[in-house]
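Peer 1: All letters in the sequence shown, in the order written, are residues 127 to 170 by my numbering.
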Amino acid sequence: MLYNPVEFFKTVPQKECAECGQMIEEQAESYLMECDHCLAKREE
Ligand SMILES: [Zn+2]
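1. Give the straight-line distance between the Cα atoms of residue 170 and residue 163, rounded to the nearest whole angstrom.
2. Of all residues in the structure, which have a C-beta closer than 6 Å to any heavy atom of ligand 1, taken in chain order?
3. Measure the alpha-carbon distance for residue 166 versus residue 129 and round it to whole angstroms.
4. Please name the residue or residues paired with residue 159 in a DSSP beta bridge.
Pasting the structure below:
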């Protein structure tokens, strides 16, 4: 079964913030389930 890793990543759905539902842009902290905004609030 052949597949192109690039195509695979293209088909990965964008993640949504588990807190507010906002789309999370790909970033270094992509393993996080929440957007920067909600994470910032958690820092308090
Ligand atoms: Zn959020």
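Here a beta-carbon is modelled for each residue, glycine too, at the ideal position from N, C-alpha and C.
In this text the structure is predicted, and so the values were computed from the model without any measurement.
Peer 2: Taking the definition as stated:
1. The alpha-carbon separation between residue 170 and residue 163 amounts to approximately 12 Å.
2. Working through the chain, the matches are 143, 145, 146, 148, 160, 161, 163, 164.
3. C-alpha separation (whole angstroms): 38 Å.
4. Per DSSP, none; premise fails for residue 159.
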